[in-house]
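Residue 232 in our numbering sits at position 205 of the sequence shown; the count goes up by one each step and never skips. Here is the structure we will look at, set down as structure tokens.
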Amino acid sequence: MTDTKPPLKILLCAPRGFCAGVVRAIDVVEAALKRFGPPVYVRHEIVHNRYVVDALKRKGAVFVEELDEAPDGDAPVVFSAHGVAKSVPAAARARNLIAIDATCPLVTKVHREAEIHHRRGRLIVLIGHAGHPEVVGTMGQLPDDAVLLVETEADVARLDVPEGRELAYVTQTTLSVDDTAAVVSALKTRFPAIASPHKEDICYATTNRQEAVKRVAPDCDALIVVGAANSSNSQRLREVAERAGCRVARLVARATDIEWNEFSGIRTLGVTAGASAPEVLVDEIIDAFGERYAVEVETVSTADESVFFPLPRELREAAE
Ligand code: 2E4
Ligand code: SF4
28 MTDTKPPLKI LLCAPRGFCA GVVRAIDVVE AALKRFGPPV YVRHEIVHNR YVVDALKRKG
88 AVFVEELDEA PDGDAPVVFS AHGVAKSVPA AARARNLIAI DATCPLVTKV HREAEIHHRR
148 GRLIVLIGHA GHPEVVGTMG QLPDDAVLLV ETEADVARLD VPEGRELAYV TQTTLSVDDT
208 AAVVSALKTR FPAIASPHKE DICYATTNRQ EAVKRVAPDC DALIVVGAAN SSNSQRLREV
268 AERAGCRVAR LVARATDIEW NEFSGIRTLG VTAGASAPEV LVDEIIDAFG ERYAVEVETV
328 STADESVFFP LPRELREAAE
């Protein structure tokens, strides 16, 4: 039988999907389940992906939005990869809860940076998205009046900084590399003495995934980012594709979310995945295209990643 499906070239971005911080955060929940037994409470989605959350729920994890939804007693509470305000571990200590921190070490690095600048008397400018849990956590490292949040260049123009006050900036880890460069440049123009991070706060995984999309997007009729709508880094990948000239750039959680009419007549499709999206969902989406097209997959690699973060000490034995 001849295959009558139209041909489709899939350019598969590499790196894509899980980063070292996400692998560690999921492993923390698994190791806590092993060491303490279910239930293990998790404050906020451990990473922004329903599939991951549902899989952990089946193993005995219980997800809550706030610490006060977790009961008193021996069940541990894990803080999500996005980090938490200082008030959260403080409240856990006050209640004698077993608190386990799955904050990505690269988010914790930003927390410590902000703290050091604050101790040196600097006012902190945080570049990030208002209301995102990582931003709430980073702002919550310091007193309310110690951090000013900016999202755009226009926000920089509106900043109200007391005369003679020293400044430092830090950022959310999952921002658009290009948009952030513009905001940083506006900050440096207005406040030439502002202190910068030693090493960029946008993490290696965010940077590499955006770079790979930039490489493939100009060659694609459409691009799919596998990831959740509440995932900041995944949203940024979709924007990068759109700005790189991709006519159809969509963020898709599962194959059932694909609006097939948007993809009719395409010859080349880019595929990537946000840092919180498991590879099994990438496979699911490629298979769905395979049912409609004669698919040929080519991996386009723009960086090698070998970052690994060990588990928190108290869980290392349980994981072995
Ligand atoms: C922590 C920090 O921050 P974002 O919304 O992109 O989180 P997500 O859970 O989608 O990705 C993992 C992650 C966690 C990224 N940075
Ligand atoms: Fe950590 Fe970066 Fe992954 Fe966020 S995207 S969890 S900061 S490695």
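Cβ atoms here follow ideal geometry from the backbone N, Cα and C, with glycine treated the same way.
Roughly how many angstroms separate the alpha carbons of residue i and residue j, rounded to a whole number?
i             : j              : result
glycine 301   : alanine 232    : 9 Å
proline 65    : valine 55      : 13 Å
asparagine 76 : threonine 200  : 17 Å
alanine 117   : arginine 217   : 37 Å
asparagine 91 : alanine 102    : In the sequence as presented, asparagine is not what sits at residue 91; that position holds valine. Distance between the alpha carbons of valine 91 and alanine 102 is about 13 Å.
aspartate 331 : aspartate 187  : 42 Å
valine 334    : threonine 31   : 43 Å
valine 211    : leucine 60     : 42 Å
tyrosine 196  : glutamate 142  : 12 Å
glycine 155   : lysine 226     : 17 Å
histidine 71  : arginine 319   : 37 Å
arginine 265  : arginine 277   : 6 Å
arginine 85   : valine 67      : 12 Å
arginine 236  : arginine 242   : 10 Å
proline 209   : alanine 181    : Sequence check: residue 209 is alanine here, not proline. Each residue's alpha carbon lies about 11 Å from the other.
arginine 120  : glycine 100    : 12 Å
proline 33    : valine 80      : 36 Å
alanine 345   : proline 339    : 11 Å
arginine 147  : isoleucine 312 : 50 Å
alanine 244   : alanine 157    : 28 Å
alanine 321   : serine 291     : 13 Å
alanine 122   : proline 219    : The sequence as given places arginine at residue 122; alanine does not occur at that position. Distance between the alpha carbons of arginine 122 and proline 219: 45 Å.
alanine 97    : lysine 215     : 44 Å
glutamate 341 : valine 204     : 35 Å
threonine 299 : proline 189    : 44 Å
Residue i: which of the options sits nearest, CA to CA?
i                : options                        : result
alanine 256      : Ala222, Phe90, Val74           : Val74
valine 49        : Ser303, Ile313, Asn76, Val327  : Ser303
leucine 94       : Gly64, Arg281, Asp128, Ala82   : Asp128
cysteine 46      : Asp314, Cys230, Thr283         : Cys230
arginine 185     : Asp172, Ala213, Gly158, Leu202 : Ala213
histidine 144    : Arg70, Ser223, Thr31           : Ser223
asparagine 288   : Val275, Leu202, Val80          : Val275
phenylalanine 63 : Ala88, Ala97, Ala239           : Ala88
proline 337      : Lys36, Pro33, Ile53            : Ile53
glycine 254      : Leu342, Ala282, Ala181, Gly191 : Ala282
aspartate 21     : Thr234, Cys273, Arg265, Glu238 : As shown, the chain starts at 28 and ends at 347. That puts residue 21 outside it, with no answer to give.
alanine 82       : Glu344, Val204, Glu57, Ala157  : Glu57
threonine 234    : Glu178, Ile312, Thr329         : Thr329
leucine 35       : Ala345, Gly317, Ala346, Glu347 : Gly317
arginine 150     : Gly191, Asn123, Glu180         : Before going further, note that residue 150 is leucine rather than arginine in the sequence given. The candidate whose alpha carbon is nearest that of leucine 150 is Gly191.
aspartate 314    : Arg340, Leu342, Ile285         : Ile285
tyrosine 78      : Pro305, Pro160, Thr130, Arg146 : Pro305
cysteine 131     : Val243, Pro160, Thr207, Ala244 : Pro160
leucine 133      : Arg51, Ala208, Asp172, Gly148  : Arg51
aspartate 171    : Asn123, Glu344, Ser114, Lys215 : Ser114
alanine 271      : Ser291, Glu238, Val69          : Glu238
Could you give the C-beta distance for residue i and residue j, rounded to a whole number, given that I count them as a contact under 8 Å?
i             : j              : result
valine 152    : isoleucine 125 : Wrong, their Cβ atoms sit about 36 Å apart, outside the cutoff.
valine 309    : glycine 44     : 7 Å
leucine 194   : isoleucine 221 : 4 Å
valine 240    : alanine 268    : 5 Å
valine 183    : valine 174     : Not really, about 15 Å apart at Cβ, beyond 8 Å.
threonine 179 : aspartate 228  : Not quite, the Cβ-Cβ distance comes to about 17 Å (not below 8 Å), so this is no contact.
Handout entry: the segment 101 to 116 touching the segment 285 to 297, judged by at least three CB pairs closer than 8 Å
Key = Because the criterion of three Cβ pairs below 8 Å is not met, the segment 101 to 116 and the segment 285 to 297 do not touch.
Practice task
Please determine if the segment 130 to 144 and the segment 161 to 175 are in contact, where contact requires at least 3 C-beta pairs separated by less than 8 Å.
Solution key: Below 8 Å, enough C-beta pairs join the segment 130 to 144 and the segment 161 to 175 to call them touching: three or more.
Exercise for the section: Mind the definition here: the segment 259 to 271 touches the segment 316 to 332 only if three or more C-beta pairs lie below 8 Å; say whether that holds. Expected result: Too few Cβ pairs lie closer than 8 Å, so no.
Handout entry: Segment contact flag, the segment 242 to 252 with the segment 32 to 46, C-beta cutoff 8 Å, min 3 pairs
Key = Contact between the segment 242 to 252 and the segment 32 to 46 is present: 3 or more CB-CB pairs across the two stretches fall below 8 Å.
Handout entry: Whole alpha helix (DSSP H) elements within the segment 202 to 232, 4-residue minimum
Key = Here the runs fully enclosed are 204 to 217.
Handout entry: Ordered list of alpha helix (DSSP H) runs contained in the segment 225 to 302, each at least 4 residues
Key = Listed in chain order, the complete alpha helix (DSSP H) runs (minimum 4 residues) inside the segment 225 to 302 are 231 to 243, 259 to 270.
Problem - Complete alpha helix (DSSP H) runs within the segment 38 to 93 (minimum length 4 residues, chain order) - result: The qualifying runs are 47 to 63, 77 to 85.
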